[in-house]
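**Student:**
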Amino acid sequence: NSSNRVVADRFQHSGETISRYFGKVLKVVVRYGKEIIVPHSFQVIPAEIRTNPKYYPYFEDCIGAIDGIHISAHVPSNNQIPYRGRKTIVTQNVLCACSFDMRFTFVLAGWEGTANDSRVFVEAITNPELKFPSPTNGKYYVVDSGFTNMPGYLSPHRGERYHL
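Heads up, the sequence shown is in the working numbering, so the first residue is 1 and it goes up one at a time.
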C-alpha cells in the first residue's frame, strides 16, 4: 500500500524508474499468474502432519486453519464508528485460511472492526462470488472456538486449551 514516492525514497530511485519496473513485474505476474498461483489440491497429507506422531493420524484430514484477525485501518473520520473495535482502535476484521505450509489459501479483508468473526466466516463460506476453498471428501479446517462446529469445520470445546 505504499505510494510510488515512498517506494522511490526507500530504494533511492526515481519515481519514474519505480513505476516502470513495477509495471514490468506486474505484466509478468499477470502473464504467468495461472502457473504461479495454483489452488491447493488438499489431496496429499502435509508433511507437517504426516511426520509428527503428535498430529498423525488425528489430523490427517485437516487441510488448514481459519481465524479472524483485527488489522489497523485508515478510514475517513465520518465512517470510523463501525470500524472501532475493542479498545476504541480503528480496525478491519480480516478472515484468513492457511495451509500447514504457512501459505494463505483464502483472505477476506475489509469488514468493520465491530463485525463478529463468525459473521465474516458465514459470509465467506456462503457467498459463491468469494470463491472460498471449501473442504471436500471428509476434509476439514480447524477453526477458532468463536466459530460454529459444522461439517468441514472443527472447533475446539469452549474453555479448553487448544494451542498445539
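Cβ atoms here follow ideal geometry from the backbone N, Cα and C, with glycine treated the same way.
(1) Is the Cβ-Cβ distance between S72 and V90 less than 8 angstroms?
(2) The beta strand (DSSP E) that contains S72, what's its start and end?
(3) With a threshold of 8 angstroms on Cβ separation, who are the neighbours of Y56 within its own chain once the five nearest residues in sequence on each side are excluded?
(4) Starting from N93, follow the beta strand (DSSP E) in both directions and report where the run begins and ends.
(5) Specify, as a first and last residue, the run of the alpha helix (DSSP H) that T126 falls within.
(6) On the criterion of 16 or more Cβ atoms from any shown chain inside 10 Å, does Y141 qualify as buried, or is it exposed?
(7) Where does the unbroken beta strand (DSSP E) through E112 begin, and where does it stop?
(8) Following the continuous alpha helix (DSSP H) through V7, name the residue where it begins and the one where it ends.
**Tutor:** Looking at the atomic coordinates:
(1) yes
(2) C62 to S72
(3) I45, I49 and R50
(4) That run of the beta strand (DSSP E) goes T91 to C98.
(5) First-last of the alpha helix (DSSP H) with T126: D117 to T126.
(6) buried
(7) From DSSP, the beta strand (DSSP E) with E112 extends over F104 to E112.
(8) N4 to F11
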